[in-house]
Amino acid sequence: MTDTVHLSPPDIGPLEESYLIAALRSGWAAPAGPDLEAFEQAIARRVGTDGAVAVNSGTAALHLALLGVGVGPDDVVIVPTLTFVATANAVRYIGARPVFVDCDPRTGNVDVDLVDELIRRLRSRGERVGAIVPVDMFGSCADYRALTPVCVEAGVPLVEDAAEALGASHDGGPAGSFGRVGVLSFNGNKIMTTSGGGMLVSDDTTLLARARHLATQAREPARHYEHHETGYNYRLSNLLAALGRAQLLRLDGMIARRRHLRDSYAKLFAPVPGVRLLNAEDTESNCWLTVITVEPDRCGWRADDLAVHLAERDIETRPVWKPMHLQPVHRGAEGLLTGAAERLFTDGVALPSGSALTEPQTARVFTAIDEFLGLRVRG
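Using the working numbering, read the sequence shown as starting at 24 and increasing by one per residue.
Here it is, written out as C-alpha coordinates:
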(Lines of atoms letter the chains of each structure in order from A and count residues from 1; the text may use other names and numbers.)
(Lines give C-alpha, C1' and ligand atoms only; values in the text may rest on other atoms or scores of the structure.)
Protein backbone atom coordinates (compact mmCIF):
# COMPACT_ATOMS: atom_id res chain seq x y z
CA MET A 1 0.00 0.00 0.00
CA THR A 2 1.17 3.50 -0.76
CA ASP A 3 -1.32 5.61 1.20
CA THR A 4 0.03 6.67 4.56
CA VAL A 5 -1.96 6.05 7.72
CA HIS A 6 -1.42 9.28 9.62
CA LEU A 7 -1.29 9.73 13.36
CA SER A 8 -4.12 12.23 13.75
CA PRO A 9 -5.39 13.61 10.43
CA PRO A 10 -8.10 16.29 10.23
CA ASP A 11 -11.64 14.91 10.28
CA ILE A 12 -13.42 17.14 7.75
CA GLY A 13 -16.69 16.42 5.94
CA PRO A 14 -19.75 17.91 4.25
CA LEU A 15 -20.88 19.87 7.32
CA GLU A 16 -17.62 21.79 7.45
CA GLU A 17 -17.82 22.44 3.71
CA SER A 18 -21.30 23.90 4.03
CA TYR A 19 -20.31 26.20 6.91
CA LEU A 20 -17.22 27.41 5.07
CA ILE A 21 -19.12 28.10 1.84
CA ALA A 22 -21.76 30.05 3.76
CA ALA A 23 -19.04 32.14 5.42
CA LEU A 24 -17.41 32.84 2.05
CA ARG A 25 -20.70 33.92 0.54
CA SER A 26 -21.38 36.21 3.49
CA GLY A 27 -18.42 38.36 2.51
CA TRP A 28 -16.81 38.13 5.95
CA ALA A 29 -13.32 36.96 4.92
CA ALA A 30 -11.43 39.03 7.51
CA PRO A 31 -10.45 38.33 11.14
CA ALA A 32 -13.85 39.66 12.19
CA GLY A 33 -17.42 38.65 11.56
CA PRO A 34 -20.45 36.73 12.78
CA ASP A 35 -18.88 33.26 12.60
CA LEU A 36 -15.96 34.40 14.72
CA GLU A 37 -18.26 35.77 17.41
CA ALA A 38 -20.49 32.70 17.30
CA PHE A 39 -17.49 30.37 17.53
CA GLU A 40 -16.17 32.17 20.61
CA GLN A 41 -19.58 31.96 22.28
CA ALA A 42 -19.95 28.26 21.43
CA ILE A 43 -16.53 27.36 22.81
CA ALA A 44 -17.16 29.33 25.99
CA ARG A 45 -20.43 27.41 26.49
CA ARG A 46 -18.67 24.11 25.89
CA VAL A 47 -15.87 24.89 28.35
CA GLY A 48 -18.20 26.56 30.83
CA THR A 49 -16.42 29.90 31.03
CA ASP A 50 -17.84 33.42 30.84
CA GLY A 51 -16.02 34.22 27.62
CA ALA A 52 -13.46 33.32 24.98
CA VAL A 53 -11.15 35.04 22.50
CA ALA A 54 -10.24 33.28 19.25
CA VAL A 55 -6.73 33.75 17.87
CA ASN A 56 -4.67 32.32 15.03
CA SER A 57 -2.79 29.66 17.03
CA GLY A 58 -2.57 28.01 20.41
CA THR A 59 0.87 29.59 20.77
CA ALA A 60 -0.60 33.06 20.35
CA ALA A 61 -3.19 32.19 22.98
CA LEU A 62 -0.44 31.11 25.39
CA HIS A 63 1.46 34.35 24.80
CA LEU A 64 -1.62 36.49 25.48
CA ALA A 65 -2.62 34.38 28.49
CA LEU A 66 0.76 34.87 30.13
CA LEU A 67 0.60 38.60 29.50
CA GLY A 68 -2.94 38.58 30.89
CA VAL A 69 -1.93 37.12 34.25
CA GLY A 70 0.88 39.66 34.56
CA VAL A 71 3.99 37.71 33.66
CA GLY A 72 6.88 40.09 33.04
CA PRO A 73 10.48 39.95 31.80
CA ASP A 74 11.99 39.41 35.24
CA ASP A 75 9.70 36.50 36.18
CA VAL A 76 10.16 32.76 36.17
CA VAL A 77 7.37 30.54 34.89
CA ILE A 78 7.03 26.88 35.84
CA VAL A 79 6.55 24.74 32.74
CA PRO A 80 6.37 20.94 32.41
CA THR A 81 9.47 19.56 30.73
CA LEU A 82 7.22 17.04 28.95
CA THR A 83 5.35 19.24 26.49
CA PHE A 84 5.44 20.68 22.98
CA VAL A 85 7.95 23.51 22.65
CA ALA A 86 5.25 26.20 22.26
CA THR A 87 4.53 26.10 26.00
CA ALA A 88 8.07 27.14 26.83
CA ASN A 89 8.51 29.43 23.82
CA ALA A 90 5.58 31.61 24.86
CA VAL A 91 7.38 32.29 28.14
CA ARG A 92 10.46 33.36 26.22
CA TYR A 93 8.42 35.74 24.02
CA ILE A 94 7.84 37.87 27.10
CA GLY A 95 11.45 37.69 28.19
CA ALA A 96 10.56 35.60 31.23
CA ARG A 97 12.47 32.43 32.10
CA PRO A 98 10.94 28.94 31.95
CA VAL A 99 11.87 26.61 34.79
CA PHE A 100 11.05 23.01 34.01
CA VAL A 101 9.35 20.47 36.22
CA ASP A 102 9.09 16.74 35.65
CA CYS A 103 6.01 14.60 35.15
CA ASP A 104 4.10 11.86 36.87
CA PRO A 105 5.31 8.71 35.05
CA ARG A 106 1.82 7.15 35.21
CA THR A 107 0.11 9.98 33.33
CA GLY A 108 2.71 12.19 31.67
CA ASN A 109 1.11 15.17 33.38
CA VAL A 110 2.92 17.47 35.75
CA ASP A 111 4.07 16.02 39.09
CA VAL A 112 2.18 18.18 41.61
CA ASP A 113 4.52 17.40 44.52
CA LEU A 114 7.45 18.66 42.48
CA VAL A 115 5.56 21.86 41.63
CA ASP A 116 5.04 22.60 45.32
CA GLU A 117 8.72 21.95 46.03
CA LEU A 118 9.86 24.06 43.09
CA ILE A 119 7.74 27.07 44.06
CA ARG A 120 9.26 26.99 47.54
CA ARG A 121 12.77 26.61 46.16
CA LEU A 122 12.43 29.53 43.76
CA ARG A 123 10.88 31.83 46.31
CA SER A 124 13.51 30.99 48.92
CA ARG A 125 16.08 32.72 46.75
CA GLY A 126 13.88 35.71 45.92
CA GLU A 127 12.54 34.71 42.51
CA ARG A 128 9.08 35.90 41.46
CA VAL A 129 7.03 33.01 40.06
CA GLY A 130 4.83 34.70 37.48
CA ALA A 131 2.72 31.65 36.61
CA ILE A 132 2.58 27.90 36.34
CA VAL A 133 1.50 26.40 33.02
CA PRO A 134 0.35 22.78 33.45
CA VAL A 135 -0.27 20.91 30.19
CA ASP A 136 -3.15 18.45 29.72
CA MET A 137 -1.10 15.76 28.03
CA PHE A 138 -2.48 13.77 25.09
CA GLY A 139 -6.05 14.72 26.01
CA SER A 140 -5.99 13.94 29.76
CA CYS A 141 -6.27 16.77 32.28
CA ALA A 142 -3.63 17.35 34.90
CA ASP A 143 -4.56 16.63 38.51
CA TYR A 144 -6.21 19.98 39.23
CA ARG A 145 -7.78 18.69 42.43
CA ALA A 146 -4.24 18.59 43.86
CA LEU A 147 -2.59 21.33 41.81
CA THR A 148 -5.12 24.15 42.23
CA PRO A 149 -4.73 24.37 46.05
CA VAL A 150 -0.94 24.51 45.64
CA CYS A 151 -1.27 27.47 43.28
CA VAL A 152 -3.87 29.22 45.45
CA GLU A 153 -1.77 28.85 48.61
CA ALA A 154 1.30 30.17 46.83
CA GLY A 155 -0.61 32.96 45.07
CA VAL A 156 0.71 31.85 41.68
CA PRO A 157 -1.60 32.24 38.66
CA LEU A 158 -2.47 29.01 36.86
CA VAL A 159 -2.55 29.14 33.06
CA GLU A 160 -4.01 25.87 31.79
CA ASP A 161 -2.47 24.66 28.54
CA ALA A 162 -5.41 22.56 27.36
CA ALA A 163 -4.25 22.62 23.74
CA GLU A 164 -4.63 18.84 23.47
CA ALA A 165 -7.65 18.38 25.68
CA LEU A 166 -10.81 20.10 24.41
CA GLY A 167 -13.74 17.87 25.34
CA ALA A 168 -11.91 16.22 28.22
CA SER A 169 -12.72 16.87 31.87
CA HIS A 170 -11.35 16.40 35.39
CA ASP A 171 -13.71 15.62 38.26
CA GLY A 172 -16.49 16.75 35.94
CA GLY A 173 -14.91 20.13 35.21
CA PRO A 174 -14.19 20.78 31.51
CA ALA A 175 -10.63 21.09 30.23
CA GLY A 176 -9.76 24.76 29.87
CA SER A 177 -11.89 25.86 32.82
CA PHE A 178 -9.23 25.45 35.51
CA GLY A 179 -7.15 28.33 36.76
CA ARG A 180 -7.22 31.98 35.77
CA VAL A 181 -7.26 31.30 32.03
CA GLY A 182 -7.20 28.29 29.74
CA VAL A 183 -5.69 27.88 26.29
CA LEU A 184 -6.98 25.69 23.45
CA SER A 185 -5.48 24.75 20.08
CA PHE A 186 -7.24 23.98 16.82
CA ASN A 187 -4.17 22.96 14.85
CA GLY A 188 -4.72 20.48 12.03
CA ASN A 189 -3.82 17.44 14.15
CA LYS A 190 -5.92 18.31 17.19
CA ILE A 191 -9.20 16.71 18.31
CA MET A 192 -10.99 19.36 16.21
CA THR A 193 -9.44 21.88 13.87
CA THR A 194 -9.80 25.28 12.27
CA SER A 195 -6.75 24.46 10.11
CA GLY A 196 -4.73 26.71 12.40
CA GLY A 197 -6.13 28.52 15.40
CA GLY A 198 -6.41 28.78 19.14
CA MET A 199 -8.56 30.22 21.91
CA LEU A 200 -8.30 31.81 25.33
CA VAL A 201 -11.13 30.82 27.70
CA SER A 202 -11.73 32.42 31.07
CA ASP A 203 -14.21 33.81 33.58
CA ASP A 204 -11.99 36.89 33.83
CA THR A 205 -13.66 39.20 31.33
CA THR A 206 -11.08 41.93 31.96
CA LEU A 207 -8.27 39.57 31.00
CA LEU A 208 -10.17 38.52 27.86
CA ALA A 209 -10.84 42.11 26.84
CA ARG A 210 -7.15 42.87 27.23
CA ALA A 211 -6.24 39.83 25.12
CA ARG A 212 -8.69 40.86 22.40
CA HIS A 213 -7.19 44.36 22.35
CA LEU A 214 -3.61 43.11 22.06
CA ALA A 215 -4.59 40.54 19.42
CA THR A 216 -5.87 43.30 17.13
CA GLN A 217 -2.61 45.30 17.07
CA ALA A 218 -3.67 47.15 20.24
CA ARG A 219 -5.72 49.52 18.11
CA GLU A 220 -7.54 52.21 20.07
CA PRO A 221 -11.24 52.96 19.37
CA ALA A 222 -10.66 55.94 17.10
CA ARG A 223 -11.66 56.67 13.49
CA HIS A 224 -8.00 56.82 12.52
CA TYR A 225 -5.34 54.22 13.43
CA GLU A 226 -4.30 55.01 16.99
CA HIS A 227 -1.91 52.79 19.00
CA HIS A 228 -0.62 53.47 22.51
CA GLU A 229 1.32 50.22 22.90
CA THR A 230 2.71 47.32 20.92
CA GLY A 231 0.08 44.81 19.86
CA TYR A 232 -0.03 41.64 17.79
CA ASN A 233 -1.78 40.42 14.64
CA TYR A 234 -3.29 37.37 16.35
CA ARG A 235 -7.02 37.30 15.56
CA LEU A 236 -8.60 34.23 13.93
CA SER A 237 -10.15 34.49 10.47
CA ASN A 238 -13.94 34.47 10.27
CA LEU A 239 -13.66 31.75 7.61
CA LEU A 240 -11.67 29.46 9.88
CA ALA A 241 -14.08 30.19 12.72
CA ALA A 242 -16.88 28.90 10.49
CA LEU A 243 -14.93 25.68 10.06
CA GLY A 244 -14.54 25.50 13.83
CA ARG A 245 -18.26 25.93 14.42
CA ALA A 246 -18.99 22.88 12.27
CA GLN A 247 -16.23 20.87 13.92
CA LEU A 248 -17.57 21.68 17.37
CA LEU A 249 -20.96 20.25 16.44
CA ARG A 250 -19.22 16.95 15.66
CA LEU A 251 -16.79 16.97 18.60
CA ASP A 252 -18.52 14.36 20.77
CA GLY A 253 -18.71 11.90 17.90
CA MET A 254 -15.01 12.41 17.12
CA ILE A 255 -14.12 11.81 20.77
CA ALA A 256 -16.19 8.62 20.78
CA ARG A 257 -14.33 7.35 17.73
CA ARG A 258 -10.95 8.02 19.33
CA ARG A 259 -12.06 6.34 22.54
CA HIS A 260 -13.12 3.27 20.57
CA LEU A 261 -9.63 3.15 19.05
CA ARG A 262 -8.03 3.47 22.49
CA ASP A 263 -10.19 0.64 23.86
CA SER A 264 -9.17 -1.53 20.90
CA TYR A 265 -5.48 -0.82 21.54
CA ALA A 266 -6.00 -1.66 25.21
CA LYS A 267 -7.40 -5.08 24.30
CA LEU A 268 -4.64 -5.73 21.81
CA PHE A 269 -1.81 -4.99 24.24
CA ALA A 270 -3.45 -6.36 27.40
CA PRO A 271 -1.73 -9.77 27.16
CA VAL A 272 1.68 -8.29 26.33
CA PRO A 273 3.95 -8.06 29.40
CA GLY A 274 5.71 -4.75 29.91
CA VAL A 275 3.34 -2.69 27.74
CA ARG A 276 0.76 -0.26 29.10
CA LEU A 277 -1.37 2.55 27.79
CA LEU A 278 -0.44 5.92 29.25
CA ASN A 279 -3.23 7.20 31.49
CA ALA A 280 -5.51 4.35 30.37
CA GLU A 281 -7.63 4.64 33.51
CA ASP A 282 -8.70 8.22 32.70
CA THR A 283 -12.33 7.89 31.67
CA GLU A 284 -12.63 11.69 31.22
CA SER A 285 -9.90 11.96 28.57
CA ASN A 286 -10.74 13.04 25.03
CA CYS A 287 -8.31 10.30 23.85
CA TRP A 288 -6.55 12.70 21.49
CA LEU A 289 -3.55 10.38 21.12
CA THR A 290 -3.15 6.84 22.39
CA VAL A 291 0.34 6.40 23.80
CA ILE A 292 1.88 3.11 24.87
CA THR A 293 4.93 2.77 27.08
CA VAL A 294 7.25 -0.21 26.73
CA GLU A 295 9.53 -1.91 29.26
CA PRO A 296 12.12 -3.62 27.03
CA ASP A 297 13.40 -5.86 29.83
CA ARG A 298 9.95 -7.40 30.20
CA CYS A 299 8.67 -7.60 26.63
CA GLY A 300 11.93 -8.03 24.72
CA TRP A 301 11.52 -5.09 22.35
CA ARG A 302 11.71 -1.30 22.37
CA ALA A 303 9.10 1.28 21.48
CA ASP A 304 11.24 2.33 18.54
CA ASP A 305 11.25 -1.25 17.20
CA LEU A 306 7.47 -1.09 16.82
CA ALA A 307 7.69 2.41 15.33
CA VAL A 308 10.17 1.22 12.68
CA HIS A 309 8.03 -1.83 11.86
CA LEU A 310 4.97 0.39 11.33
CA ALA A 311 6.91 3.01 9.36
CA GLU A 312 8.00 0.28 6.93
CA ARG A 313 4.30 -0.28 6.29
CA ASP A 314 3.63 3.44 5.82
CA ILE A 315 1.94 3.83 9.20
CA GLU A 316 2.85 6.99 11.12
CA THR A 317 3.73 6.96 14.80
CA ARG A 318 5.48 9.55 16.95
CA PRO A 319 7.71 9.46 20.00
CA VAL A 320 6.45 11.07 23.18
CA TRP A 321 7.53 14.73 23.35
CA LYS A 322 11.27 15.20 23.76
CA PRO A 323 11.62 16.92 27.15
CA MET A 324 12.27 20.64 27.06
CA HIS A 325 15.40 20.37 29.20
CA LEU A 326 16.94 18.17 26.46
CA GLN A 327 16.10 20.61 23.65
CA PRO A 328 19.12 22.60 22.41
CA VAL A 329 17.08 25.82 22.41
CA HIS A 330 16.57 25.45 26.17
CA ARG A 331 20.00 24.04 26.99
CA GLY A 332 21.10 24.99 30.49
CA ALA A 333 17.61 25.91 31.72
CA GLU A 334 16.85 25.20 35.34
CA GLY A 335 14.54 22.36 36.29
CA LEU A 336 13.39 19.99 39.01
CA LEU A 337 13.76 16.65 37.29
CA THR A 338 13.37 13.00 38.23
CA GLY A 339 14.02 11.32 34.89
CA ALA A 340 10.35 10.43 34.38
CA ALA A 341 9.94 12.53 31.21
CA GLU A 342 13.18 11.18 29.76
CA ARG A 343 11.99 7.62 30.29
CA LEU A 344 8.66 8.35 28.61
CA PHE A 345 10.51 9.91 25.68
CA THR A 346 12.65 6.78 25.32
CA ASP A 347 10.00 4.17 26.08
CA GLY A 348 6.80 5.74 24.70
CA VAL A 349 5.21 5.88 21.27
CA ALA A 350 1.98 7.49 20.06
CA LEU A 351 -0.12 5.31 17.76
CA PRO A 352 -2.58 6.31 15.01
CA SER A 353 -5.55 7.76 16.89
CA GLY A 354 -7.51 9.99 14.52
CA SER A 355 -11.28 9.93 14.27
CA ALA A 356 -10.93 10.21 10.47
CA LEU A 357 -9.18 6.84 10.16
CA THR A 358 -11.23 4.50 8.00
CA GLU A 359 -12.05 0.93 8.94
CA PRO A 360 -9.59 -0.44 6.35
CA GLN A 361 -6.86 1.86 7.73
CA THR A 362 -7.59 0.81 11.30
CA ALA A 363 -7.53 -2.86 10.28
CA ARG A 364 -4.20 -2.26 8.57
CA VAL A 365 -2.72 -0.78 11.74
CA PHE A 366 -3.91 -3.60 13.96
CA THR A 367 -2.80 -6.26 11.49
CA ALA A 368 0.68 -4.70 11.38
CA ILE A 369 0.91 -4.62 15.18
CA ASP A 370 -0.30 -8.22 15.41
CA GLU A 371 2.36 -9.18 12.91
CA PHE A 372 5.04 -7.37 14.93
CA LEU A 373 3.98 -9.03 18.18
CA GLY A 374 3.85 -12.43 16.50
CA LEU A 375 7.37 -12.05 15.15
CA ARG A 376 8.63 -11.11 18.59
CA VAL A 377 6.96 -14.09 20.26
CA ARG A 378 8.29 -16.50 17.64
CA GLY A 379 11.69 -14.90 17.82
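By construction, the Cβ of each residue, glycine as well, lies at the ideal position given by its N, Cα and C atoms. Just so we're clear, the structure is a prediction, and the values are computed from it rather than from any experiment.
N- and C-terminal bounds of the alpha helix (DSSP H) containing V70: By 1-based counting over the sequence shown, the position of residue 70 is 47. The continuous alpha helix (DSSP H) containing V70 extends over residues P57 to V70.
Close Cβ partners of M24 (< 8 Å) along its chain, the five nearest in sequence each way excluded: Mapped onto the sequence shown, residue 24 falls at position 1. Confidence at M24 is low in this model, with a pLDDT of 41, below 50, so its placement is unreliable and the value that follows should be read with caution. So the list reads R336, D337 and R387, once near-sequence residues are dropped.
Helix, strand or coil at N112 [DSSP, three-state]: Reading the sequence shown from its first residue, position 89 is the one you call residue 112. Of the three classes helix, strand and coil, the one that applies to N112 here is helix, per DSSP.
Residues near E10 in its chain [Cβ-Cβ closer than 7 Å; skip 5 each side]: This structure leaves residue 10 out entirely; the chain is present only between 24 and 402.
Any 3 or more C-beta pairs closer than 8 Å across the stretch 279 to 295 and the stretch 311 to 323: As far as the Cβ criterion goes, the stretch 279 to 295 touches the stretch 311 to 323, which means the pair count is three or higher.
Length of the line joining the Cα atoms of L85 and A75: Residue mapping note: residue 85 aligns to position 62 of the sequence shown, counting from 1. Residue mapping note: residue 75 aligns to position 52 of the sequence shown, counting from 1. Whole-angstrom Cα-Cα distance: 13 Å.
Minimum C-alpha distance to G211 - residue among G276, V179, A303 and Q270: For the purposes of this step, residue 211 is taken as the residue at position 188 of the sequence shown. Of G276, V179, A303 and Q270, the residue nearest in Cα terms is Q270.
Endpoints, alpha helix (DSSP H) assigned at Y367: Residue 367 sits at position 344 when you count from the first residue of the sequence shown. The question names Tyr, yet the displayed sequence has Leu at residue 367. For L367, the enclosing alpha helix (DSSP H) covers residues A363 to D370.
Burial state of D136, where buried means 16 or more other Cβ atoms lie within 10 Å: By one-based count along the sequence shown, residue 136 stands at place 113. Counting Cβ neighbours within 10 Å, D136 comes out exposed, since fewer than 16 surround it.
Reference T217, options L43, L30, I392 and L396, closest by Cα: Locating residue 217 in the sequence shown gives position 194, counting from the first residue. Distance check between T217 and each of L43, L30, I392 and L396 places L43 closest, using alpha-carbon atoms only.
Nonlocal neighbours in the same chain, by C-beta distance under 7 Å from A111, ignoring five residues either side: One-based indexing of the sequence shown puts residue 111 at position 88. Within the same chain, A111 has close Cβ partners V102, P121, M347 and H353.
Cα-Cα separation, T306 to A198: The residue given as residue 306 occupies position 283 in the sequence shown. The residue given as residue 198 occupies position 175 in the sequence shown. Cα to Cα, T306 sits roughly 13 Å from A198.
Reduced DSSP category for C164 - H, G, I as helix; E, B as strand; rest coil: By one-based count along the sequence shown, residue 164 stands at place 141. Note: C164 maps to coil in three-state DSSP.
For V171, the nearest candidate out of P37, P319 and V133 (CA to CA): Start at 1 with the first residue of the sequence shown, and residue 171 comes out as number 148. The sequence as given places Thr at residue 171; Val does not occur at that position. Looking at the Cα atoms, V133 is the closest of the given residues.
For P351 and G254, the rounded distance between their alpha carbons: Start at 1 with the first residue of the sequence shown, and residue 254 comes out as number 231. Start at 1 with the first residue of the sequence shown, and residue 351 comes out as number 328. Going by the C-alpha atoms only, they are around 29 Å apart.
The stretch 371 to 378 / the stretch 26 to 34 touching (three or more Cβ pairs under 8 Å): Contact between the stretch 371 to 378 and the stretch 26 to 34 is established, with three or more Cβ pairs separated by less than 8 Å.
Nearest to G276 (by Cα), restricted to the options W311, R299 and L262: By 1-based counting over the sequence shown, the position of residue 276 is 253. Scanning W311, R299 and L262 for the CA closest to the CA of G276 turns up W311.
According to DSSP, residues forming a beta bridge with M222: The count along the sequence shown starts at 1 and reaches residue 222 at position 199. Bridge partners of M222: A77 and L207.
As assigned by DSSP and simplified to three states, the class of P103: By one-based count along the sequence shown, residue 103 stands at place 80. P103: strand per DSSP, three-state reduction.
Residues that DSSP places opposite F395 in a beta bridge: On the sequence shown, residue 395 is found 372 positions in, with the first residue counted as 1. Beta-bridge pairing links F395 to no other residue.
Where C310 sits in the DSSP three-state scheme: Numbered from its first residue, the sequence shown carries residue 310 at position 287. If DSSP states are grouped into helix, strand and coil, C310 belongs with coil.
Local Cβ density within 10 Å of Q438, reported as buried at 16 or more and exposed below that: Residue 438 cannot be examined here, being either before or after the span of the chain that is shown, 24 to 402.
Cβ shell of V179 (< 6 Å), same chain only, five flanking positions each side left out: Position 156 of the sequence shown, counted from the first residue, corresponds to residue 179. Taking V179 as the centre and dropping the five residues before and after it, the same chain places the C-beta of V152 and I155 closer than 6 Å to its C-beta, in chain order.
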